[in-house]
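Numbers given in the working numbering equal positions in the sequence shown, counted from 1, plus 89. Report on the following structure.
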Amino acid sequence: MELSLDEEDEGGDQFQAVKPWVGAIVPPTVVPPEDASVPDDELVLNWVHGYRAEDARNNLRYNAAGDIVYTAAQAGITLSVQKWHQNFNLRHTDDVICLALHPDGKLVATGEMGKKPKIVVWDSTTMETVAVIEGLHKRAVCQLAFSDDGKFLASVGQDNDHTCAVYDWKNGSLKAKAKGDKNKTLAVAFAPGGREVCQVGVKHIKFHSFQGRTMKSKKGILGRKGKIQAFLCVEYLDDKALVGTANGCLYLFGGRQVATNVKAHTAAVYALNVSDAGVVTGGKDGFVKIWSRDLAPVSEFDMAATGSIRPLIRSVAMAPGGKKILVGTIASEVWEINARNGMSIHDDGALINGHFKGELWGLATHPTRDEYATVGDDATLRIWDLKTRKMKAHKALDCLARAVSYSPDGAYLAVGLGGDLGKGKQKQSGGFPILRA
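So, in structure tokens, the structure goes:
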């Protein structure tokens, strides 16, 4: 499908900023009795386009069945690529912003935003909720990690101190807690043995060790090999913390001190995954890189070559066996690429696409075809196929968009431009390009 610009009306002075419809609305002469009964029919969620990428990272994983686990809005999602089917856990009541996979490969923990946010542990094969933990954290649960034996779950809240807690999650009991840092926490990981947690973020690295209910915290030592900055991701490589930094380096710690500094990317290291097959990193530079377990470079792939709309990497995960890599980008895309050549293993490119900035505002269904169109704050127009549940086409717009509509014959699309994400009114606001559908 080709989307082409046909003509444009700038709108201008004809746009009425006041609500012109208010005077035309009148109540019915005879008000019908109120019916508070539940309707016979109800909506059932069938498919979700996109995944949470704008403010979340390292939140795409393979489960034990080989399916893809991730989140979007308030939903925990398991995608079977082979069956092309999604299943959902809908226990959350606010947007989910973090995810951790249990060592058994089946259970998943997810954390939400909100005044009193919840942690939900659910089975990614049955989608059933296994446990719900709440009461300690405030504003959001922003980071989660399981211990290597799966018994404990570490969490970080969005309170002023970014409190780090350790739960015996099966019975919901709080084992220990400690203050994190006033600056934002960006990642957390359990050390092997399940008695130490590494918490990293803006200008801080902390190692929390606990015995019983007592948790002691010590700062990471950067020495001459490290530099204070934003520390964006962390996993353990054997018994050593491996940290991705804002200046593109990987810091490998020996105890609490930086022992090795490897220049990994030309920009920030946003994503990190350690497996038996090696180490995978993803950067702001758009590259996915594979390393040996002694941090020797193996291969690198430019996600721009795949056709990604915006190839800034937000999540990476090596599949068991090391033959493919799961990649998430800031454009709310989910890719599976070949670990040997970096090419998409699917002929039609990204597995999942979605709008990726701010909110989605406009939606219209085609009058005759099984398709619909959407627009939003990411300044893109997207056409979706109802039957295949895939994106058919997309077009970059010159401005944020608020509305979209098909012509009665379905030959054209009108897009209403405008919006404000805190940067003021855009020059094109009030215009409406007409596109051939």
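Backbone N, C-alpha and C fix where the C-beta goes; we use that ideal spot for every residue, glycine too. None of the values given here were measured: they were computed from a predicted structure.
query = In chain order, which continuous runs of the beta strand (DSSP E) of length 3 or greater are located wholly inside the stretch 188-225?
reply = 196-201, 207-212 and 218-223
ask   = In the DSSP assignment, what residue or residues form a beta bridge with Q300?
value = Residue mapping note: residue 300 aligns to position 211 of the sequence shown, counting from 1. Q300 is bridged to T303.
ask   = On the three-pair Cβ rule with 8 Å, is the stretch 178-191 touching the stretch 136-152?
value = yes
key: Other residues of its chain near L506: CB distance less than 8 Å, five sequence neighbours each side excluded   = Locating residue 506 in the sequence shown gives position 417, where the first residue counts as 1. Excluding residues within five positions, the ones whose Cβ falls inside 8 Å are L486, D487, C488, L489, A490, R491, Q515, Q517, S518, G519, G520, F521 and P522.
request  = Locate the beta strand (DSSP E) running through N427, then write down its first and last residues.
outcome  = Sequence index remark: in the sequence shown, residue 427 carries index 338 (1-based). It spans V423 to N427 - the beta strand (DSSP E) in which N427 sits, taken as one unbroken run.
request  = On the DSSP bridge assignment, give the partners of G367 in chain order.
outcome  = Position 278 of the sequence shown, counted from the first residue, corresponds to residue 367. Partner(s): S364.
key: K268 versus D250 - alpha carbon distance   = Here residue 268 corresponds to residue number 179 of the sequence shown, with the count starting at 1. Here residue 250 corresponds to residue number 161 of the sequence shown, with the count starting at 1. If I take the Cα positions, the gap works out to 6 Å.
ask   = Does the pairing of the stretch 146-160 with the stretch 108-125 give three or more beta-carbon distances under 8 Å?
value = no
Three-state secondary structure assigned by DSSP to V111 = As a working mapping, residue 111 is identified with position 22 in the sequence shown. Three-state DSSP puts V111 in a helix.
ask   = If you measure from the beta carbon of L263 to each beta carbon in chain D, is any gap under 8 Å?
value = Of the protein chains in the structure, only one exists, and it is not chain D.
task = Would you tell me roughly how many angstroms separate the C-alpha atoms of F445 and P116, rounded to the nearest one?
result = Within the sequence shown, the letter at position 356 stands for residue 445. Within the sequence shown, the letter at position 27 stands for residue 116. Rounded to whole angstroms, F445 to P116 spans 40 Å at the Cα level.
task = Kindly confirm or deny that the stretch 264-284 and the stretch 239-246 touch, where touching means at least three C-beta pairs closer than 8 Å.
result = yes
request  = In the DSSP assignment, find the beta strand (DSSP E) that holds K484 and state where it starts and stops.
outcome  = On the sequence shown, position 395 is the one that residue 484 refers to. Element bounds for K484: K479 to A485.
ask   = Short check: CB of G165 to CB of W211, under 8 Å?
value = What you label residue 165 is simply residue 76 of the sequence shown in a count that begins at 1. What you label residue 211 is simply residue 122 of the sequence shown in a count that begins at 1. Taking 8 Å as the Cβ cut-off, G165 and W211 qualify as a contacting pair.
ask   = Tell me which same chain residues have a C-beta within less than 6 Å of the C-beta of D328, skipping the five on either side of it?
value = Numbered from its first residue, the sequence shown carries residue 328 at position 239. Contacts found: P281.
key: Of the residues P121, A330, G465 and T457, the one placed nearest W450, counting alpha carbons only   = In the sequence shown, residue 450 corresponds to position 361, counting from 1. Nearest of P121, A330, G465 and T457 to W450, Cα basis: G465.
key: Nearest-angstrom Cα separation, counted from G312 out to M480   = Taking the sequence shown and counting its residues from 1, one reaches residue 480 at position 391. Taking the sequence shown and counting its residues from 1, one reaches residue 312 at position 223. When rounded, the distance between both Cα atoms is 49 Å.
message = If you follow the beta strand (DSSP E) that C74 is in, where does it begin and where does it stop?
response = Residue 74 cannot be examined here, being either before or after the span of the chain that is shown, 90 to 526.
key: N148 burial status per 10 Å Cβ neighbour count (16 or more: buried)   = Looking up residue 148 in the sequence shown gives position 59. So N148 counts as buried.
Length of the line joining the Cα atoms of C231 and K266 = Residue mapping note: residue 231 aligns to position 142 of the sequence shown, counting from 1. Residue mapping note: residue 266 aligns to position 177 of the sequence shown, counting from 1. Going by the C-alpha atoms only, they are around 15 Å apart.
inquiry  = I'd like to know whether the C-beta atoms of L331 and L361 end up nearer to each other than 8 Å.
reply    = The sequence position of residue 331 within the sequence shown is 242, counting from 1. The sequence position of residue 361 within the sequence shown is 272, counting from 1. Yes, they are a contact pair.
query = Any idea what DSSP makes of A357, helix, strand or coil?
reply = Here residue 357 refers to the residue found at position 268 when the sequence shown is read from its first residue. Residue state, collapsed to three classes: coil.
message = On the DSSP letters alone, give me the boundaries of the beta strand (DSSP E) that Y140 sits inside.
response = Here the question's residue 140 lines up with position 51 in the sequence shown. That residue, Y140, is in no beta strand (DSSP E); it is neither H nor E in DSSP.
task = Report, in whole angstroms, the separation of the C-beta atoms of P206 and D237, which I expect to be a contact under 8 Å.
result = Position 117 of the sequence shown, counted from the start, is the residue given in the question as residue 206. Position 148 of the sequence shown, counted from the start, is the residue given in the question as residue 237. Between D237 and P206 the Cβ distance is about 25 Å, and since that is not below 8 Å, they are no contact.
key: Contact under 8 Å by Cβ, A356 with G337   = Along the sequence shown, read from residue 1 onward, the residue named residue 356 stands at position 267. Along the sequence shown, read from residue 1 onward, the residue named residue 337 stands at position 248. In this structure, G337 lies closer than 8 Å to A356 by Cβ.
key: Best match in T118, T252 and T167 for proximity to S213 [C-alpha to C-alpha]   = Residue 213 sits at position 124 when you count from the first residue of the sequence shown. It is T167.
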